[in-house]
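Note sheet for the following structure.
Residue numbers (this note's numbering): 3 to 330.
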């Protein structure tokens, strides 16, 4: 009786979820990157500890977010993790989409495209590999790589292998069961943390508590991957910008920007754009309050990712920076 009830509950949950929500975003195995997005899908991500569904996310045939790309145009490629991909907002609200619109308006035509090649869960190693793959297959004008202390994957994935047939079946044919598994895993992590005495809890480095120590560790483990990206850009004669978003003047993000600038100067290629408090309207906010004000006004609040306003500010700041670079 218990088994029958459980099966009926799962079946009812599956019918309800499939009728109400798009499926969670689909991933596919990649022997070098561990995973990439499955091409040609329309899906969502669950945010707020798997409690809030995102707006629909379109992944095109190149496994990038947004509509199909016309690679014959002047191409600007945006690379990074979820902070580039933009979960929680519409396709056209990401900073890459905003930047594309701004550049087209400035040029007076639509012969420019900005590709959103951000993938949630990627780190500097993944960014360099993804960048090289794009350069192998396409001619592009510029690349913007968002570097962030929050990108936690500090190197090539280890011990990766294809998932089993059951995992593939659940991925391809269920919505509710996939959601239930992810939600359960998230709650288990929270419960485990709650049972750890406070003095012994591992500090969670959220979007704007990125410490100098974390940045130093990240630099020592990732310098070679950023150097690899610069060398790829030199070889293909592609303009390269490293983007650091630092609205709270985090010591960690400032350190990362400084070291990347030094690397670009050493290799005599590439530039760094660090967006500080001023464009976000935080320059007059006391430093102790910046994190709170930023999260209230420029994030999704139930989730640390940027809201549409934050993405607009980033796009405008990049436009101003590119204009300034052209003037020089």
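By construction, the Cβ of each residue, glycine as well, lies at the ideal position given by its N, Cα and C atoms.
Sort out for me which residues DSSP pairs residue i with in a bridge.
i, result
"residue 38", "30"
"residue 77", "115"
"residue 103", "Residue 103 pairs with nothing; no bridge assigned."
"residue 235", "BP columns for residue 235 are empty, so no partner."
"residue 132", "None, per the DSSP bridge assignment."
"residue 146", "80, 243"
"residue 55", "48"
"residue 67", "61, 118"
How far does the alpha helix (DSSP H) with residue i in it reach, from first residue to last?
i, result
"residue 261", "253-269"
"residue 328", "310-329"
"residue 150", "No alpha helix (DSSP H) contains residue 150, which DSSP labels as neither H nor E."
"residue 160", "Looking at the DSSP string, residue 160 is not in any alpha helix (DSSP H), and its letter there is neither H nor E."
"residue 9", "4-22"
"residue 295", "289-300"
"residue 84", "84-87"
I'd like the list of long-range same chain contacts for residue i, defined as Cβ closer than 6 Å, with 5 residues on each side in sequence excluded.
i, result
"residue 321", "104"
"residue 43", "28, 61"
"residue 98", "80, 116, 118"
"residue 140", "73"
"residue 312", "300"
"residue 17", "none"
"residue 106", "112, 114"
"residue 272", "232, 242, 266"
"residue 276", "246, 248, 259"
Find out if the Cβ-Cβ distance for the pair residue i, residue j is shorter than 9 Å.
i, j, result
"residue 279", "residue 250", "yes"
"residue 245", "residue 146", "yes"
"residue 323", "residue 243", "yes"
"residue 131", "residue 258", "no"
"residue 48", "residue 184", "yes"
"residue 261", "residue 223", "no"
"residue 14", "residue 181", "no"
"residue 152", "residue 63", "no"
"residue 88", "residue 307", "yes"
"residue 69", "residue 38", "no"
"residue 120", "residue 86", "yes"
"residue 59", "residue 93", "yes"
Could you name the residues of the same chain whose beta carbon sits closer than 8 Å to that of residue i, not counting the 5 residues immediately before and after it, in chain order?
i, result
"residue 143", "76, 77, 78, 240, 241"
"residue 5", "none"
"residue 52", "181, 184, 185, 188"
Considering only residues of the same chain and omitting the five flanking positions on each side of residue i, which have a CB-CB separation below 7 Å?
i, result
"residue 50", "304, 305"
"residue 289", "251"
"residue 23", "46, 55, 177"
"residue 100", "313, 314, 317"
"residue 221", "258, 261"
Would you give the residue range spanned by the beta strand (DSSP E) that residue i belongs to?
i, result
"residue 59", "59-61"
"residue 44", "43-45"
"residue 275", "273-277"
"residue 243", "241-247"
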